Structure formats: C-alpha cells, structure tokens
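Chemist: Residues in the sequence shown are numbered from 7 upward in steps of one, following my numbering. The beta-carbon is built from N, C-alpha and C at its ideal position, and this holds for glycine as well. In this text, all values refer to a predicted model and were calculated from it rather than measured experimentally.
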Amino acid sequence: MIAFIEYAVRRQDYILNYINVFSSVRTDAQPSDAQAAANQLYTRKFTLSIIGVLGSLAMFIW
C-alpha cells in the first residue's frame, strides 16, 4: 500500500528517471519517443500497482 502511494505521489520523478534510461539506451531515438515510452511504462506499472492494492484489500476483507 505504501509503495502505491509513493508511486502516485512521485509520478514526475519516476517518469523523468524512465526518460533518462530510455534516452541512454537508445541514442538514436527522438526525445518525444522516450517521453512516450516513459509515460506508457509508468501507466502500465501504476495500473499494476492499483490491481495489487485492490487484490490485497480483497484478500484482507475475505
């Protein structure tokens, strides 16, 4: 639950980190490509963290 909250609060930090990683891995890519990939990765990981929190709550309630 704490990881979910941190991930939501520090959104911009995570996206900037992903952009730096994508830019260093693919030097021939455009900056907009790195930003789009970073946003997509963040959205995917954030969605998975939401599913994890909901699953944990469901198991706790059950």
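Please classify Ala14: is it buried, with 16 or more other beta-carbons within 10 angstroms of its beta-carbon, or exposed?
Modeler: Exposed, because fewer than 16 other Cβ atoms sit within 10 Å of the Cβ of Ala14.
Chemist: Taking DSSP as the reference, what is the three-state secondary structure of Gln36?
Modeler: Correct three-state label for Gln36: coil.
Chemist: Between the C-alpha atoms of Ile25 and Arg50, what's the straight-line distance to the nearest angstrom?
Modeler: For Ile25 and Arg50, the distance between alpha carbons rounds to 15 Å.
Chemist: Identify the continuous alpha helix (DSSP H) that holds Arg17 and give its terminal residues.
Modeler: Counting along the chain, the alpha helix (DSSP H) containing Arg17 begins and ends at Arg17 to Val31.
Chemist: To the nearest angstrom, report how far apart Asp34 and Gln18 are at their CA atoms.
Modeler: Taking the straight line from one Cα to the other gives about 24 Å.
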